[in-house]
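Notes for the one structure printed next.
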Amino acid sequence: PPAHGRVDGGPAHGRADGLGAGHAEAQAYLMAVYAEVSGIPVERLDPHAPLEQYGVSSYQVAQLAARMTAELGERIPGTLFFAHRTLAAVAGELARTAGSRLPTAPAAPAVAAAPAAPAVAAAPAALAAPAAPTAPAAPTAPVAPAEAAAVPAGEPVPAGEPVPQARGRKGEPVAIVGIAGRYPRSEGLDAFWQHLLDGDDLISEPPGRRSLAGPEQGAMAGGYLDDVAGFDPLFFGITPRDAAVLDPQERLFLQTAWHTLEDAGYSRSRLRERHGGRVGVFVGSMYNEYPFLGLAGPRPTGSALAGIANRVSYFLDLNGPSMTVDTMCSSSLTAVHLAVAALRLGECEAALVGGVNLSLHPNKFATLRALRMASSDHRCRSFGAGGDGFVPGEGVGAVLLKPLARAVADGDRVHAVVLGTAVNHDGKTNGYTVPNPVAQAETIAQAMADAGVSPGDIGYLEAHGTGTALGDPIELDGLTRAFSCVPAAPGHWPIGSVKSGTGHLEAAAGMAGLTKVVLQFRHDTLVPSLHAERLNPHVDWDRSPFRVQREAAPWPAHLPRRAGISSFGAGGTNAHIVVEAPPPLSAREVPDGPQTVVISARTEERLRRLVEDWLRLLRQRPAQLADLAHTSRVGREALRERLATVVDSREELVRNLERFLAGDLAAVHRGTARQARGPEADPLQPLDRIAAQWAAGGRVDWARVHPEPGRVVDLPA
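Following the numbering used here, the numbering of the sequence shown begins with 1057 at its first residue and continues without gaps.
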């Protein structure tokens, strides 16, 4: 390595040769100020040495930014010290930002042979530096501005140096055809949406039946699932003894994968009929705390994170790629990126993708406090004033992905479309957990290039937004750099973070953000980002092209129904995806005539509960009877305890189900399928006879009985 650890190729001694006058003045001024703030004599500073060599801290960065802002009369963002690795590089951008305001200062004295300052650990990502957009360098090629005119021009917004033209071609769009999840205090997505819409803070102490007692009571507030132990092992062909040693994350994701297939309208047989075994499984997860609970007995594979994905592939008999991904907080969006790549390469025809995160042991909270990454008031103040850390949250979510063209051809329901994805790494920064706004900007630009869109085609940003005083501004600096190729009025793009209400779901954070965006598309509504009543003072919001979405509102008519979603891992892996609202449904003629509705469950008790869920849905949702019946026939596994009924209207269906719950079986066919019996039912015989055969365990080819096409709609899981 170079004798002085220089990273930018500058000379070892004296003033940097070849610098322009403005750059030289900026470097001399910066070194003088840095020497005063750090206490390191200026003659012992090498402008080309990595800043981490001098132990630069977030406190010093804040002091430097405040001092230079006061002296130069122009806001100087602390993010300069995170976007660049040396004082010489910082000086170059400072010269572009405020060159005309620099005071006359003597050139920096000759640099000593090596800096003598002791190395001090750089600040973690949660304690980053203040930011405001910085002025551009000589323009580089912008991200392809396909529709720049779509953004109303306003006062020029200062920006960091634009990122270079992202290389690559527009990738094949990928449809989200199934989605399911459980999030804090939300057993399903309907409950989750209502919490998002109402702006509910979902942070609490651990639920009463959860044992997370530690040495510091009250120090484990977070976003919690109501129940992480509930699991029906026999449903999944697992013995209770084996299930007891499976990590709850593995159990929960297996359940959620099943619900995702149900939402997509795929039973195991229908999935295999359409795709064989060519389905991949990609899951983000990062904590392996279950063994900390000291369970007795051997568990050779029960606590291996690989099992989260592999168990799903095994149970569903899937042969595509199967992997658990750990890039820390960007894990689940990285899983989306890998799945999209596998689909485009033809490695699989469909992919189950998701993330899971649980807080099973007090060790997590103790570690976050020790690293000074935990919020002191147990709130994630995304882009708000007063944030000093994050709050962990629990959650599990998944989506089923298919190439859009294949999904349309197969008649799948499309929830949203993934247009582009990108993943990169910060590289060497000023500390292992210190973020790099330039690398973040490049990830965002690459995802937009992969999507074939420009910033003007984006209508909303779901940010990482961990809620730290100095980390959020770094993210905004990266966004501003990525979006700087398009002129925009201040506050043009709404931005928010699901973490503000749920806490930071860590490995599942990206899936929570994606789910939020899909629900916003579904309801054509932007939901509030919480705890930003007072905005982060380290951002010049009056000039920023972004504004925090602080209240529920209709999706703005002038903004495209597309969104960017970011997740950044503490280890430096950045992920960004671009998603679009689903295409409009085509007009069709709704089939009329009698319909066969089938409902089944593993036990009689569960069957009755499922019928109750059906009645609630029928009273709340306006779906067509033909679509409800179609989904019940092709989109649900035919289980042991069965009920079938032939009806002409939704009203008749409600009456028949109510009569069943009251003990009247005259209007339904009720049976127990002990095994598939006899030949396949004749599709030409009366529907009631076919329904009775199915309820007794008979085989029915429903496509021959009801050949008219139907759409997949929501049904109880």
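For each residue, glycine too, the CB sits at the ideal point set by N, CA and C.
Cα-Cα separation, residue i to residue j
i, j, result
"V1412", "K1572", "16 Å"
"Q1741", "Y1516", "54 Å"
"S1386", "I1364", "17 Å"
"H1104", "V1409", "44 Å"
"R1141", "T1135", "11 Å"
"V1396", "A1463", "14 Å"
"L1771", "T1687", "8 Å"
"E1660", "R1698", "9 Å"
"G1483", "G1628", "7 Å"
"P1106", "R1100", "13 Å"
"N1480", "S1600", "25 Å"
"A1144", "G1155", "14 Å"
"A1773", "V1595", "44 Å"
"P1529", "I1621", "17 Å"
"R1779", "R1367", "This structure does not reach residue 1779, given that the chain is present from 1057 up to 1773, and the question cannot be answered."
"L1721", "E1708", "14 Å"
"D1506", "Q1496", "15 Å"
"L1575", "L1120", "42 Å"
"A1407", "D1468", "14 Å"
"D1744", "R1578", "37 Å"
"A1033", "L1361", "With the chain covering 1057 to 1773 only, the question about residue 1033 has no answer from this structure."
"G1255", "L1128", "41 Å"
"R1157", "P1133", "15 Å"
"T1524", "E1607", "21 Å"
"P1763", "N1630", "47 Å"
"A1478", "V1381", "15 Å"
"G1451", "R1123", "43 Å"
"S1341", "L1281", "16 Å"
"G1279", "P1448", "6 Å"
"H1251", "P1584", "10 Å"
"L1673", "L1717", "16 Å"
Identity of the residue in the options nearest residue i by Cα
i, options, result
"G1547", "E1562, H1579, G1467, Q1605", "Q1605"
"L1374", "G1340, N1344, R1324, R1603", "R1324"
"V1093", "F1539, Y1115, H1520", "Y1115"
"F1371", "Y1343, G1336, E1405", "G1336"
"A1544", "I1514, G1559, A1139", "I1514"
"A1700", "I1655, R1706, L1673, E1736", "I1655"
"R1618", "Q1651, I1746, V1474, M1342", "V1474"
"H1079", "D1246, G1095, L1150", "L1150"
"D1580", "P1638, I1551, H1560", "P1638"
"G1111", "A1275, R1692, L1674, Y1488", "Y1488"
"G1569", "G1148, L1158, I1235", "I1235"
"E1345", "G1264, L1281, S1415", "S1415"
"G1691", "G1766, R1157, A1231, G1449", "G1766"
"T1423", "D1303, F1446, G1753", "F1446"
"S1369", "S1388, M1384, R1328", "R1328"
"A1275", "L1302, D1257, P1418", "P1418"
"V1702", "L1695, R1603, R1689, A1465", "R1689"
"P1511", "A1748, S1540, P1304", "S1540"
"R1696", "D1246, V1339, G1552, W1750", "W1750"
Residue i classed as buried or exposed, judged by whether at least 16 other C-beta atoms fall within 10 angstroms
i, result
"R1297", "exposed"
"V1199", "Unreliable positioning characterises V1199 in this predicted model, as indicated by a pLDDT of 33, which lies under 50. A coordinate reading is not provided."
"A1102", "Looking at the sequence itself, residue 1102 is Asp, so the reference to Ala does not match. D1102 comes out buried."
"H1614", "exposed"
"P1240", "buried"
"E1714", "exposed"
"L1349", "exposed"
"P1229", "buried"
"D1648", "exposed"
"D1433", "exposed"
"N1712", "buried"
Return the chain-ordered ranges of every alpha helix (DSSP H) run that is complete within the segment 1344-1426 and spans a minimum of 4 residues. The segment 1344-1426 contains these whole alpha helix (DSSP H) runs: 1362-1372, 1387-1401, 1419-1426.
How do the segment 1582-1592 and the segment 1441-1449 stand: do at least 3 beta-carbon pairs fall below 8 Å, yes or no? Yes, since at least three Cβ pairs between the segment 1582-1592 and the segment 1441-1449 fall closer than 8 Å, the two stretches touch.
Meets three-Cβ-pair contact criterion under 8 Å: the segment 1448-1463 and the segment 1313-1333: With the rule of 3 Cβ pairs closer than 8 Å, the segment 1448-1463 counts as touching the segment 1313-1333.
Is the segment 1631-1644 close to the segment 1500-1513, with three or more CB pairs under 8 Å? Yes, the segment 1631-1644 is in contact with the segment 1500-1513.
Check whether the segment 1282-1289 touches the segment 1302-1310, taking contact to mean three or more Cβ pairs, one atom from each stretch, closer than 8 Å. By the criterion of at least three beta-carbon pairs nearer than 8 Å, the segment 1282-1289 is in contact with the segment 1302-1310.
In chain order, which continuous runs of the beta strand (DSSP E) of length 3 or greater are located wholly inside the segment 1508-1533? Counting only runs of 3 or more, we get 1516-1518.
Okay, do the segment 1489-1497 and the segment 1532-1541 touch, 3+ Cβ pairs below 8 Å being the bar? Output reads yes: the segment 1532-1541 touches the segment 1489-1497.
Stretch-stretch touch, CB-based, cutoff 8 Å, three pairs: the segment 1723-1731 with the segment 1679-1693: Because the criterion of three Cβ pairs below 8 Å is not met, the segment 1723-1731 and the segment 1679-1693 do not touch.
Please give me, in chain order, every unbroken run of the beta strand (DSSP E) with length at least 3 that falls completely inside the segment 1473-1509. Within the segment 1473-1509, no complete beta strand (DSSP E) segment of 3 residues or longer occurs.
List in chain order: all unbroken alpha helix (DSSP H) runs of 4+ residues lying wholly within the segment 1556-1612. As far as the segment 1556-1612 is concerned, its whole alpha helix (DSSP H) runs of at least 4 residues are 1565-1579.
In chain order, which alpha helix (DSSP H) runs of at least 4 residues are fully inside the segment 1642-1706? The qualifying runs are 1660-1676, 1681-1690.
Enumerate, from N- to C-terminal direction, the unbroken alpha helix (DSSP H) stretches of 4 or more residues contained entirely within the segment 1077-1146. If we require 4 residues or more, the alpha helix (DSSP H) runs fully inside the segment 1077-1146 come out as 1077-1094, 1114-1128, 1136-1139.
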